[in-house]
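Per the working numbering, residue 374 is the first one in the sequence shown, and the count goes up by one each step.
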Amino acid sequence: MNNTVEKSLLWAKNILKENNCEAYALDAELLIMEVLKISRVKLFMEQKRILSTEEYEKFKEFVDKRASGVPTQYILGTCEFMSLDFNVNPYTLIPRNDTEILVETAIDEFKKNNVKSFIDIGTGSGCIGISLAYYTEAEGTCVDISEGALETAKINAKNNNVYNKLKFVLSNIFENINEKYDAIVSNPPYIRTDVIEGLMREVKEHEPYNALDGGEDGLYFYREIVDKSHKYLNEKGFIFFEIGYDQGEDVKNILESKGFCDVKVIKD
Ligand code: GLN
């Protein structure tokens, strides 16, 4: 059978659409680009290229996985964040575009205030801590409760040449930490437990549950981090949090009740 790129893509887009994959066209393209190891430009120049049997089988396997709900990034094994490449796998949450706002804000403030050290709590793939180490002078400690996530973050730090600016500590929040930092950054799990069941299958069935669950009111980690933060922050230290769309008031209150001033909420 002569399966051209064009024909294979058409087939894949239909299957993915039928299986409720939201970005079915983009996903099909990314998957075939990965199988053929070609760029987007090349993809459009090679519409008539005929896939070898192995290529076609591999593509079919990827498309079947995606159709069953596995996120494209886990199939590709990589994801771009802040123009850097990150390995991702089911131990790590997939970095979100929204989180770039948190990182960009932190980069600005780090530079303005000469922040030299930070701790990234719940680092996952390491996307936040690694980006901060890459784009600023600061050095950091990345912590996660998941060994698999921490190993992935280490690989990502090496791949992005910032391994020597970072430490990696297996820790439930601050449990194994005994240093102080100029800043705490975190995109903690912040989804209310009862909301998780209603999330897209890609998220609830494939992303790590412990990276999502923020407890009954979604605020567990903000409370835990803020409560103990004074022990781990240098004087005039900063906290940068990503929060859910409706958590601004609550997280502001948590911070202010512990004496933090100048609390700003930025909408993405
Ligand atoms: N810090 C990581 C990220 O932003 C992981 C976040 C999490 O697991 N809640 O992707």
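Virtual Cβ for every residue (Gly too), placed ideally from N, Cα, C.
Keep in mind it's a predicted model, so treat the numbers as computed, not measured.
What are the start and end residues of the beta strand (DSSP E) that includes residue i?
i    : result
I388 : It is not in any beta strand (DSSP E) - I388 instead sits in the alpha helix (DSSP H) that spans 378 to 391.
I492 : 490 to 494
A584 : Per DSSP, A584 belongs to no beta strand (DSSP E) and is neither H nor E.
G502 : No beta strand (DSSP E) contains G502, which is instead part of the alpha helix (DSSP H) from 500 to 508.
D458 : 457 to 460
F541 : 539 to 543
V535 : Careful: V535 lies outside any beta strand (DSSP E) and carries neither H nor E.
D517 : 512 to 517
E557 : What sits at residue 557 in the sequence shown is Ile, not Glu. Start and end: 554 to 559.
Would you mind working out which of the options sits nearest residue i, comparing C-alpha positions?
i    : options                : result
N534 : A522, A506, F541       : A506
I405 : T509, G442, N486, T377 : T377
L424 : K538, K380, N487, P562 : K380
M573 : V443, D458, A511       : V443
L457 : N532, I564, D400       : N532
F611 : G588, V599, D619, F459 : V599
N537 : K637, I528, T478       : I528
G587 : N607, A556, E615       : E615
A584 : R469, K625, G621, D481 : R469
S441 : F459, I474, M418, E395 : E395
A511 : I388, T525, E548, D493 : D493
V576 : A479, F613, E629, R439 : R439
Y618 : K609, N560, R422, K601 : N560
K601 : E570, N545, V568       : N545
Along the alpha helix (DSSP H) that carries residue i, what are the first and last residues, could you check?
i    : result
K527 : 520 to 532
I612 : No alpha helix (DSSP H) contains I612, which is instead part of the beta strand (DSSP E) from 606 to 614.
I405 : 397 to 409
L475 : 471 to 486
S630 : 621 to 630
K433 : 426 to 440
D567 : 566 to 569
Y447 : 445 to 449
V414 : 413 to 418
To which residues of the same chain is residue i closer than 6 Å at the C-beta, ignoring the five residues directly before and after it?
i    : result
N540 : Looking at the sequence itself, residue 540 is Lys, so the reference to Asn does not match. Same-chain partners within the cutoff: T514.
Q420 : V378, E379
Y429 : N376
Y593 : G587
Y397 : K386, L389, K390
If residue i and residue j are in contact, beta carbons under 8 Å, what's the gap, nearest whole angstrom?
i    : j    : result
V558 : I501 : 6 Å
Y605 : I627 : In fact, because the Cβ distance is near 16 Å, the residues do not count as touching under 8 Å.
L495 : P562 : Residue 495 is actually Gly in this sequence, not Leu. Confirmed, about 7 Å.
V476 : S504 : 5 Å
D471 : D641 : 5 Å
F483 : A556 : 7 Å
L416 : E402 : 6 Å
T465 : S498 : 4 Å
N549 : V542 : 5 Å
L389 : D400 : 6 Å
If you drop the 5 nearest sequence neighbours on each side, which residues of the same chain put their C-beta closer than 8 Å to that of residue i?
i    : result
E407 : F435, I448, L449
R565 : G587, G588, E589, D590, G591
What does a CB cutoff of less than 7 Å around residue i pick up in its chain, not counting 5 residues either side in sequence?
i    : result
K625 : V636, V638
N607 : K553, Y554, D555
I480 : L505, Y508, T509
N392 : A440
Please confirm if residue i has its CB atom under 9 Å from at least one CB of chain D.
i    : result
M418 : The structure shown contains no chain D, having only a single protein chain.
Practice item. Give every residue whose Cβ lies closer than 6 Å to any heavy atom of the ligand GLN, listed in chain order. Key: With 6 Å as the limit between CB and the heavy atoms of the ligand GLN, the residues that fall short of it are L466, P468, T472, G495, T496, G497, S498, C500, I501, N560, P561, P562, A584.
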